[in-house]
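Colleague:
Residue numbers (my numbering): 450 to 1254.
1) With residue 1112 as the anchor, note down where its alpha helix (DSSP H) starts and where it stops.
2) Distance cutoff 8 Å, beta carbons only. Does residue 1146 sit that close to anything in chain D?
3) Within its chain, find whatever has a CB closer than 7 Å to the CB of residue 1075; leave out the 5 residues flanking it on each side and keep chain order.
4) Determine the direct distance from the alpha carbon of residue 674 to that of residue 626, and round the result to whole angstroms.
5) Three-state secondary structure (DSSP) at residue 1160?
6) In or out: residue 957 buried (at least 16 other Cβ within 10 Å) or exposed?
7) Are there three or more Cβ pairs, one per stretch, closer than 8 Å when the region 801-821 is compared with the region 551-566?
8) Between which residues of its own chain and residue 456 is the CB-CB distance below 7 Å, once the five residues before and five after are set aside?
9) Using DSSP with H/G/I as helix, E/B as strand and the rest coil, what is residue 687?
10) Who are residue 644's beta bridge partners in DSSP?
11) For the 8 Å Cβ check, are there 3 or more pairs between the region 528-542 and the region 477-491?
12) Give the straight-line distance between the Cα atoms of residue 622 and residue 721, rounded to the nearest whole angstrom.
13) Unbroken beta strand (DSSP E) runs of length 3 or more, entirely within the region 847-898: which are they?
14) Go ahead and label residue 1148 buried or exposed: buried means 16 or more other beta carbons lie within 10 angstroms of its beta carbon, across all protein chains shown.
15) Given that a residue counts as buried once 16 or more other Cβ atoms are within 10 Å of its Cβ, and exposed if not, what is residue 652?
16) If you draw a straight line from the C-alpha of residue 1271 to the C-alpha of residue 546, how long is it?
17) Please list the terminal residues of the continuous beta strand (DSSP E) segment that includes residue 975.
18) Taking all protein chains shown into account, do 16 or more other C-beta atoms lie within 10 angstroms of the C-beta of residue 684, making it buried, or fewer, making it exposed?
19) Work out the CA separation of residue 1224 and residue 1079 for me, nearest whole Å.
20) Express the C-alpha separation of residue 635 and residue 577 in angstroms, rounding to a whole number.
21) With residue 888 and residue 861 assumed to form a contact (beta carbons below 8 Å), what rounded beta-carbon distance in angstroms separates them?
22) Hey, out of 730, 714, 1062, whose CA is closest to residue 928's CA?
23) Under the rule that 16 or more other beta-carbon atoms within 10 Å means buried, what is residue 1048, buried or exposed?
24) Cα separation between residue 884 and residue 901?
25) Go through its chain and collect everything with a Cβ distance to residue 607's Cβ below 6 Å, but skip five positions before and after it.
26) Between 808, 891, 852, which has its C-alpha nearest residue 823's C-alpha?
27) Would the region 721-730 and the region 742-755 be scored as touching if the rule is three or more Cβ pairs under 8 Å?
28) Taking one C-beta from the region 1111-1131 and one from the region 971-986 each time, how about it: are there three or more such pairs within less than 8 Å?
29) What would DSSP say about residue 1102, mapped onto helix, strand or coil?
30) If you reduce the DSSP assignment to three classes, tell me which class residue 1107 lands in.
31) One question on the structure: do residue 788 and residue 849 come within less than 8 Å of each other, judged by their Cβ atoms?
32) Who are the Cβ neighbours of residue 1178 in its own chain at under 7 Å, not counting the five residues just before and after it?
33) Which one of 1096, 1092, 984 has the shortest CA to CA distance from residue 990?
34) Which of the three DSSP states, helix, strand or coil, is assigned to residue 492?
35) Could you round the C-beta distance between residue 1237 and residue 1251 to whole angstroms and report it? I think they count as a contact, below 8 Å.
36) By Cβ distance below 6 Å, which residues in the same chain neighbour residue 570 in space, the five residues on each side in sequence not counted?
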C-alpha cells in the first residue's frame, strides 16, 4: 500500500517507494507505465536486431536514453528492452534476436517521467525511490487505494524440500511468480488463485501436482513448469499474458508451458491466452482440455503446440477460436495475415506421437498443422473432427532444413505417418479440407497412409490443395482426383452436396446466354485455338450437349470455349450462372464471366474452377458484378484433360440473400466430463450418411458435425412411424454399382429395403429375410448419392445415405 502522496506537478503526485516497482494499481485497477504514444503504435522505418530508425522520433538526441522500447519483433513475440542510445531519430538497444529490417513493425516507448501525461499513468524513479502517479479522474491518490508491486515471489519451495501442500491461497501482484518451486518434489498446489502477477507458478521440480487452481490476468505465462512426473489438472486460466510488453521477451505469453518427462495435462480450461494455450514436450499426455481464443495477442501459434516429442499423446481435447492478432505486426511483412493453428506440430523433432479424437474449430490457420523435419517418424493423426478452419489439415515438409537430422538438400521422399478417420469439414468455398506443402523437390512427398477420412466441403469439391514451391506447381483436387493421383484414401468420402452461399429470391431477366441448351445445334459457340473439335452429342446430359475435344496443343496448351454474342451486365447486380457438365475422364475446367474490356487481359468479373468426371454435375453459382460491360461466359480446359460435355448454360440477373452456412452445417460439442444429450429440431445427417432427429447423445469431450436435411428423409412427415433405436449403416460406403454392401443395424430381423434417389424416386426394392444383411447395389446406377430406406416388419424405420462412385 502506498501512502503519503504529495503533489509533484499539476495532476501528477509523488510518494516514496524504495526497491523495484513493477506494477501499480489504483482502487484495484492496473495503471499504465507512462508511454509514448499514449495509445497505438509507432512504426519502424529501418531497423536491425539492435536499432530502430523512425522519422517520428523527433525529440532531442539522448531524450530516450534509459527508457524502455516495447517492440513487436516477430509474428509471435514482443520484446521490452532498455534504450542505450538515442540519436537523430535512431534508438539503440540490446539485441532482440529478430532483425526488423525495413518492415513496419509496431513499437511504443515507455518508462519515462516526462511522458507521464495522462490519467492512469505512472513512473518509478528507482534511483531516488520516488513513485509518480496521475490518478484516474485526476483524483488525489491520498483519497484512493494505491498499491505497488514490489515483492518478487509469494511463496518459495526450495531445493530438495518435498511433500509440501499449498492449498486455498490467493496470490496477487508478485513481480516474478506467485509460487516458485526451486527444485522441490512431491509438491501439491491445490485450489489456489493467481491474479495480476507476472507468472502464477514457476517450477523446476518433480512429482508435483497442480490441481484445481485459477489463473487470471497474469502478465506473462500463467504457469511455466520444468518438471518430470507431474500433473497439471482441473485448472482454469483466463486472460493470461494479454498485455503487450509485460510478458516474456522473444518466446512466451503462454497459458501453460510444461517441459519434461512423464507429465500429464488433463481437464484444464483455458480462454483468452496471449500466445500458445498449452505448450509441452517429451512424452506428455495431454487430454480432455478446452482451449478457447489462444493467440489473442500474438500470431502464428496454436491452441496446443509441441516439439521435442517422442511418445506424446494428445487426445480428446476441444480447441476453438484460434484466430491471432495483427494489431502491431508489420503490414508490409510477407506473412502479414492471420496464421494460427488449433494443434501445431513444431519444427525440430517429433516422433511416435499420437493426435486423436480432438475437436478443432474456427481457426484462421489450420485445424491441425503437421510440420515435418527429416527425422519425423511414427506420428499418427486419427479420428479428429476439424470444422470451419481456414485449412482443416495441413501437412508440410517446410522445416526439413531445421533440427538435428537436417542434411542438404533436405528432401525426404516418404514418411510413415498415419492420417485416418478424420472429419475435415469446410463451410465456405475458400476453406480447404487438406493442404500438402512440398518444398525441397519437384517430386511429391509421400507423407504416409491416408484412409477413411471425410473430405467435406459442400461449397467446393476442389478441397485438397497440393502446393509444391520447388516446382512452382499448385493443384486443387477433388477426392477422386487425389485418390487417383496418389493411391490414397481408398475408403474415404466427400460431401455429396453442391451448395452456394446465396439463395436466389427472384429472377429479374431471361437467360442472357444464347443457345445454352444445345437442343438442336451448337450455333453461336466457338473458341480458341482452332485445333479443338466442337460438336453436338446427344449421348450425354439432356437432349443434346456441346462436346469439347481438345487434345492438340500445337498452338496453345489450353482451349477456351465461349458464346459469340455478348450480353449486357451491370456493376452491383447479382447474377446466377447455371450449367451441367460431364466427361469420360477426370479433369478441371475454369469457368469465368469476362467483360469485353477485359478480353485482352487476365481480369474477369467472375471465375471459378470446376471439376469434371463421369459423374454428372449440375452447377449453380451466384456472383456480384463489379463491372458494367458486355460480357460472355467462357470455359477453359487443358489439352491433358481434353474432353468434356456442357449443357443447360444459363446466366440470369437475380436478387439474392446470403445463407448462413451455420444454419446448414452445425458442430455439436460436449466440453463436459460426462455424456450429454442434445435436442434436435428437424432432420439432420452426419458425414457417414446416418440420419438423426429429436436428439443426439454425445460422449464426454466429443463432437459431431450435422448437416440439415429435408424432414422427409427422417420419416418425419407422417409423425407416426417409429424410427430404429440403432440407425442402419452401409459398408462399404462409398461403393460401386453392382457391388454387394452390408446393412448393419438390422438386428437379425426381416427388412424391407427401398433404394431411392435424393428426390424420393423409387429405384429398387428388396425384402431381406431375417438374418440377411447383404444388399446388391443395382448395376445400372450412375455415380451419385442415393438413400437406403429400411423398414422392419414391426414398422420401425431407418435411412442412410449411399454414395455410388
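Virtual Cβ for every residue (Gly too), placed ideally from N, Cα, C. On a predicted model such as this, the values are computed, not experimentally measured, just so you know.
Modeller: Looking at the atomic coordinates:
1) 1110-1113
2) Looking for chain D here will not work: only one protein chain is present.
3) 1020, 1054
4) 12 Å
5) helix
6) exposed
7) no
8) 462
9) strand
10) 621, 665
11) no
12) 20 Å
13) 863-869, 872-874, 881-887
14) exposed
15) buried
16) Limits of the chain in this structure are 450 at one end and 1254 at the other, which puts residue 1271 out of reach.
17) 974-977
18) buried
19) 55 Å
20) 43 Å
21) No, residue 888 and residue 861 are not in contact; Cβ-Cβ is about 11 Å, not under 8 Å.
22) 1062
23) exposed
24) 17 Å
25) 631
26) 852
27) yes
28) no
29) strand
30) strand
31) no
32) 1137, 1139, 1193, 1194, 1249
33) 1096
34) strand
35) 5 Å
36) 481, 483, 583
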